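The block underneath contains the structure these notes are about, expressed in C-alpha cells.
Protein chains: 2
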Amino acid sequence: MFSTEEYVMRNDKTKQKMLEYGVEVLVVSNPSNMCYLTGYNAWSFYVHQAVILFVDEEEPLWIGRGMDARGAELTTWMKNDSIIYYPDEYVQSTIRHPMDFIAQVLNRRGKGRKKIGVEMDAFYYTAKCQERMNYGMPNAEFKDASGLVNWVRVIKTETEISYMRNAAQIVEDAMQKAYDLADIGVRENDVAAAITHTQISGNEEFGGDYTSMVPMMPAGRHTASPHLTWTEERYKEGDIITFEIAGCQHRYHVPMARTMSLGKAPEFVLEVGKVVDEGINETLRHMKPGITAEDVNNIWSDTIARHGYEKKSRIGYSIGMSYPPDWGEHTISFRPDDRSILEPNMTFHLMPGIWFEDFGVSITESIRITEDSVEQFTSFDRKIFEKEIR
Amino acid sequence: MFSTEEYVMRNDKTKQKMLEYGVEVLVVSNPSNMCYLTGYNAWSFYVHQAVILFVDEEEPLWIGRGMDARGAELTTWMKNDSIIYYPDEYVQSTIRHPMDFIAQVLNRRGKGRKKIGVEMDAFYYTAKCQERMNYGMPNAEFKDASGLVNWVRVIKTETEISYMRNAAQIVEDAMQKAYDLADIGVRENDVAAAITHTQISGNEEFGGDYTSMVPMMPAGRHTASPHLTWTEERYKEGDIITFEIAGCQHRYHVPMARTMSLGKAPEFVLEVGKVVDEGINETLRHMKPGITAEDVNNIWSDTIARHGYEKKSRIGYSIGMSYPPDWGEHTISFRPDDRSILEPNMTFHLMPGIWFEDFGVSITESIRITEDSVEQFTSFDRKIFEKEIR
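Going line by line, the protein sequences match chains Y and C.
Take the first sequence: its position 22, counted from the start at 1, is 22 in the numbering used here, and no numbers get skipped.
Convert by adding 1000 to the 1-based position in the second sequence; the result is the number in the numbering used here.
Here is the structure:
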C-alpha cells in the first residue's frame, strides 16, 4: 500500500522519538502500530506477536507465530531475515509464552541490558506479557511507551488522506443504505447485514476493508447505551435509532453517526438534534491549526450550554489506521485538560452525542485540519432523519 | 438469552473454582467471560471494564465506563446496585486509569488484603492494568486466574448447544454463498461482503451475530498464510482459495473452513485434500468421551503420516461463546501434551489445515462430543470444490 520510503520514514521518526523517550529497543504490540511500521496486515493479533525496533539498526524485526510468518513476508517491506517465528507449542499454552521466545531473541542479540520501551496499555500486550518479559530479561530496564508510535501517526500524509477520502465515500453509502432499509417490521440484523455488505463491497472503483468496530445501532430505549450492537428484533413505529458506523479502506477509517426516527420524531428529540447540529457548526467554524483539543471542547460546551445542555464525555478523538476493537488512535481527545495543539493533516472524529436516561442523539463528523480551517470528509445531512410511515 | 437461574449456576460454579484456586475475589476482564457470567453484551471492550466475583457475595459487580452502564443495566441479570461506573476522564487518559477506580472500589469494600484472581493473559487485561492494581492495592495478593472462567464454560448446556446448531446453519449458508459467488474476475472483497451479509442476516427463522473473526480467505499464493483477510484483487483462473468463516448466534460460534479451486485443481492439491478428508474421518471415528486431546492429535498424525504428511500446529480447539479477536475458548487444544479428557457436550473446532511454502489446504469440522461418540454441527461436502470455468 505504501512505498518502502514511506515505511523507512515512519521508522526513522519512531527512532527519533525513542531517543527522546530514552529507549534503545521498542517492542510494538499494537496491531495498528505494527502495520504502520511494517505493512503487516493479517488477523493474527489473537496470538502474541510484536514488531521490534532498535535505535541502531535499520530494519525492525517481526516476531510472530510460525503459520503467520509467510504472511509477514508477503505484506511487509523488510527482508525475510527480519521475520522470525515461534513454534506452535507457544500458542495459548499454560507452560510456554510467546514473550519467553521474544525475550530469548532479544537476549541473543545482546539487548539483555538495554532500556526497552513496551506498550504497557496496548490492547494485546497483556499483564502476562510483561511478567514473562521481566522474567526473561531480568537486567533490562522497561519503560512504558504506550503512545509512542501512536503519536508518530497523528499527522497524516497525502496517501493516508486519500484512503480516508475513499473510506468517507463508503460510509456515506453505508449510512444511506441504513436509512433506506430501516423500517417498521424490518429486523435489526437485516439492516446490520446491509450496512456491512456496503462497507466491504465499497463501490465500482474501490473495495472496503473490515471496520474496527461493527455497526453500533441501538434502537428504542437502547439508544441510551451507545455501544449496543444489534438484535433480531423488528423495528417498531416511533423507534429512535442511532447508527454509528465507519467506512474503511486499507485499515484507514472514517466514522460517522446519525440518528433516525421511524415516523415523526418527538419534539424533544428534534430539539436535541438541532442543538447538536448548532454545536457542530459552531465548533467546526472555530477549528484550525494552533488551537488546543481543550479549546475545541470548550467551544462545544459553551454552545450547548446556552441551550441548557451538557455532555460529560469527550467530544472527539484522533482517527486514522486501526484494527479491532477500536478505530480511535489513542492520542488526542477533545476534552478538558487535553492541551494538544491542532496541526494541519491531523484527522478527527468529532463525536458529540448526547445521551439521556432513556434515549440518545448521536450526530458526528470526521474531519481533517487544513492549513487554516477544517475539511469535512463526508457531506451527509445532519438532521434527525424521519422515516415516512407508509 | 439465558434465565437468571443459568447465570446463578454459572456464578456458583465459578465461585467453586475460585475456592479451588485459592482466591476470594476474581477480576474478570475477558469479554466472553464477562458475558457468560452476567449477560453483558456490548462493543465496549475497547475501554477497560470488569466483572468482579466475590466468594462470599451473591451477585457480581459490573464496573465500566459511564456511558456503558445503562447497557449493563439492560443486558445483565443483576440489580442496578451491582452496576458501578467510572467517569469519562478515566478513558484513554495518560494521568488516570480505570483500574485505579476499580482498585478504589475494592478497597472501599474491604477487599484490600484479599487474595485476588486476575486474568493475566486475557486480551484486554493489559500490563498497565496489573501495574495500576498493584499500585492501588499494595496489600492484596494477586494470582493468575487466566483460564478459570474459560474452564467453567467448557461443557455446554442444551440452550448453548441450540445456539450453536443455529450458528451451524448460518455458516453452511455463508460457505455456499462463497462457493456460488467466487469466480474469475470477481473481487475478493465482494465475496467477503456477501459472506458477511449472510452471516448477519441469518435466515427467516433467526438472525446472525457478528463473528469474532472476519472472513479469512487467502487466495493464490496467499493461501500459504491462513490469517490474511481479503484484498480488492480479482480472482484469476487457477486460484486456490481457502475460506475460514463462522456462523454466530448470541455470541456462540460454529466455524468451518473449506478450500476451492477456480477451475480444475492441480493433482497435488486434490491429493492433499483427500489426505485431510481421510484424516478427519479417521479422527471423528475415534473421538468419544474418555480419550484425551493428545489422543485426538495422535490419531490424526498417524493417519496423515501414512501418506507422508505432518502438521506442526495444533489440529483443533474448544469453541463456544466469544468476542473478537478470537473464537477459540482458550482451554483444550488438540496437540501433544494436552491431556485434557473429552467429556459429553464439549464442543470443538477440528482444524486440520496443511500449509506448504506456496499453498495451503484447509478443511475443518465443528463438533460436539456426545455420550459415546461425536456429532458434526454441519454437513457440508469436504471435497476440494472445483468451480467450473464458463
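Backbone N, C-alpha and C define an ideal beta-carbon position, used for all residues, glycine too.
If you're wondering where the values come from, they're calculated on a predicted model, not measured in any experiment.
Alpha-carbon spacing of residue i relative to residue j, whole angstroms
i	j	result
isoleucine 1245 of chain C	alanine 42 of chain Y	15 angstroms
histidine 1222 of chain C	tyrosine 1179 of chain C	18 angstroms
methionine 120 of chain Y	glutamine 130 of chain Y	8 angstroms
threonine 126 of chain Y	isoleucine 52 of chain Y	17 angstroms
tyrosine 46 of chain Y	phenylalanine 1206 of chain C	29 angstroms
valine 254 of chain Y	proline 1324 of chain C	21 angstroms
serine 29 of chain Y	glycine 39 of chain Y	14 angstroms
threonine 1347 of chain C	isoleucine 1155 of chain C	8 angstroms
serine 1379 of chain C	alanine 174 of chain Y	34 angstroms
leucine 181 of chain Y	valine 191 of chain Y	6 angstroms
methionine 1137 of chain C	lysine 1128 of chain C	14 angstroms
threonine 283 of chain Y	isoleucine 299 of chain Y	6 angstroms
glutamine 49 of chain Y	glycine 64 of chain Y	4 angstroms
glutamate 158 of chain Y	glycine 353 of chain Y	30 angstroms
alanine 194 of chain Y	lysine 177 of chain Y	7 angstroms
aspartate 337 of chain Y	serine 1093 of chain C	10 angstroms
tyrosine 210 of chain Y	aspartate 326 of chain Y	12 angstroms
arginine 165 of chain Y	glycine 208 of chain Y	12 angstroms
arginine 1153 of chain C	lysine 1015 of chain C	13 angstroms
Supposed close pair residue i, residue j - CB separation, criterion 8 angstroms
i	j	result
alanine 1350 of chain C	isoleucine 1389 of chain C	Just to set this straight, residue 1350 of chain C is leucine in the shown sequence, not alanine. About 32 angstroms; that fails the 8 angstroms criterion.
valine 361 of chain Y	valine 276 of chain Y	6 angstroms
glutamate 310 of chain Y	isoleucine 319 of chain Y	Wrong, their Cβ atoms sit about 24 angstroms apart, outside the cutoff.
alanine 265 of chain Y	isoleucine 184 of chain Y	In fact, because the Cβ distance is near 14 angstroms, the residues do not count as touching under 8 angstroms.
asparagine 139 of chain Y	glycine 112 of chain Y	6 angstroms
threonine 1292 of chain C	arginine 1339 of chain C	5 angstroms
asparagine 1189 of chain C	isoleucine 363 of chain Y	About 29 angstroms; that fails the 8 angstroms criterion.
aspartate 381 of chain Y	histidine 1227 of chain C	That belief does not hold up - the Cβ atoms of aspartate 381 of chain Y and histidine 1227 of chain C are roughly 40 angstroms apart, past 8 angstroms.
leucine 61 of chain Y	serine 82 of chain Y	5 angstroms
proline 87 of chain Y	glycine 66 of chain Y	6 angstroms
serine 1366 of chain C	alanine 1168 of chain C	7 angstroms
phenylalanine 1054 of chain C	valine 1025 of chain C	6 angstroms
threonine 341 of chain Y	glycine 290 of chain Y	Here residue 341 of chain Y is isoleucine; the residue named in the question, threonine, does not match the sequence. Isoleucine 341 of chain Y to glycine 290 of chain Y, Cβ: 6 angstroms. Contact.
Candidates the options: closest to residue i by CA position
i	options	result
isoleucine 116 of chain Y	Y:Gly220, Y:Lys143, Y:Ser93, Y:Gly110	Y:Lys143
glycine 1022 of chain C	C:Arg1108, C:Lys1114, C:Asn1033	C:Lys1114
glutamine 104 of chain Y	Y:Val91, Y:Asn134, Y:Glu310, Y:Met78	Y:Asn134
tyrosine 252 of chain Y	Y:Ile161, Y:Ser313, Y:Glu310	Y:Ile161
cysteine 1248 of chain C	C:Gly1185, C:Arg1132, C:Ser1044, C:Ser1212	C:Ser1212
serine 1032 of chain C	C:Phe1123, C:Thr1004, C:Glu1089, C:Gly1110	C:Phe1123
tryptophan 230 of chain Y	Y:Thr196, Y:Arg306, Y:Asn166	Y:Thr196
glutamate 237 of chain Y	Y:Gly263, Y:Asp209, Y:Pro98	Y:Gly263
alanine 1219 of chain C	C:Ile1240, C:Tyr1090, C:Ser1201	C:Ile1240
phenylalanine 356 of chain Y	Y:Thr364, Y:Ser225, Y:Glu371	Y:Ser225
serine 1373 of chain C	C:Leu1019, C:Arg1306, C:Lys1288, C:Val1118	C:Lys1288
glycine 1279 of chain C	C:Phe1268, C:His1307, C:Met1260, C:Glu1267	C:His1307
arginine 1109 of chain C	C:Thr1370, C:Gln1092, C:Ile1084	C:Ile1084
glutamate 1073 of chain C	C:Pro1344, C:Gln1169, C:Gly1273, C:Cys1035	C:Cys1035
lysine 1017 of chain C	C:Glu1058, C:Val1149, C:Ile1341, C:Ser1003	C:Val1149
aspartate 1056 of chain C	C:Asn1011, C:Glu1172, C:Glu1141, C:Arg1285	C:Asn1011
methionine 78 of chain Y	Y:Lys13, Y:Thr4, Y:Leu19	Y:Thr4
Residues bridged to residue i [DSSP beta-bridge criterion]
i	result
methionine 1321 of chain C	C:Tyr1252
glutamate 346 of chain Y	First, the residue type needs correcting, since residue 346 of chain Y is methionine and not glutamate in the sequence shown. In DSSP, methionine 346 of chain Y forms a bridge with Y:Ile155.
threonine 1430 of chain C	Shown here, chain C extends from 1001 to 1390; a query on residue 1430 of chain C therefore has no answer.
threonine 1292 of chain C	C:Ile1341
glutamine 1092 of chain C	For glutamine 1092 of chain C, which the question treats as bridged, DSSP gives no partner whatsoever.
serine 333 of chain Y	Y:Tyr317
lysine 143 of chain Y	Y:Gly117
tyrosine 124 of chain Y	DSSP, once it has assigned bridges, lists no residue as partnering tyrosine 124 of chain Y.
serine 366 of chain Y	Y:His349
leucine 1053 of chain C	C:Leu1026
tyrosine 1086 of chain C	C:Arg1065
glutamate 386 of chain Y	Y:Ser261
heavy atom of the ligand GTP below 7 angstroms from residue i C-beta
i	result
lysine 115 of chain Y	Although the ligand GTP was asked about, the structure shown includes no ligands whatsoever.
Proximity test, Cβ basis, 8 angstroms: residue i and chain D
i	result
glutamine 1376 of chain C	Among the protein chains of the structure shown, namely Y and C, there is no chain D.
(request) Taking only beta carbons into account, state which residues of the segment 1030-1055 of chain C come closer than 8 angstroms to chain Y, listed in chain order. (result) Asn1041, Ala1042, Trp1043, Ser1044, Phe1045, Tyr1046
(request) Identify each residue in the segment 1209-1229 of chain C for which the Cβ-Cβ distance to at least one residue of chain Y is less than 9 angstroms, and report them in chain order. (result) Asp1209, Tyr1210, Ser1212, Met1213, Val1214, Pro1215, Met1216, Pro1218, Arg1221, His1222, Ala1224, Ser1225, Pro1226, His1227, Leu1228, Thr1229
(request) Please name the residues in the segment 92-107 of chain Y whose beta-carbon is closer than 9 angstroms to at least one beta-carbon of chain C, in chain order. (result) Gln92, Ser93, Thr94, Ile95, His97
(message) Which residues of the segment 1262-1286 of chain C have a Cβ closer than 8 angstroms to any Cβ of chain Y? Give them in chain order.
(response) none
(message) For the segment 1309-1327 of chain C, list every residue whose C-beta sits within 8 angstroms of some C-beta in chain Y, in sequence order.
(response) Residues of the segment 1309-1327 of chain C that bring their beta carbon within less than 8 angstroms of a beta carbon in chain Y comprise Lys1312, Ser1313, Arg1314, Tyr1317, Pro1324, Pro1325, Asp1326, in sequence order.
(message) By the 8 angstroms beta-carbon criterion, what residues does the segment 132-151 of chain Y contribute toward chain C?
(response) Listed in sequence order: Asp144, Ser146, Gly147.
(request) Note down, in chain order, all residues in the segment 1053-1076 of chain C with a beta-carbon under 9 angstroms from any beta-carbon belonging to chain Y. (result) Arg1065, Gly1066, Met1067, Asp1068, Ala1069, Arg1070, Gly1071, Ala1072, Glu1073, Leu1074, Thr1075
(request) Identify each residue in the segment 1329-1363 of chain C for which the Cβ-Cβ distance to at least one residue of chain Y is less than 7 angstroms, and report them in chain order. (result) His1330, Ser1333, Trp1355
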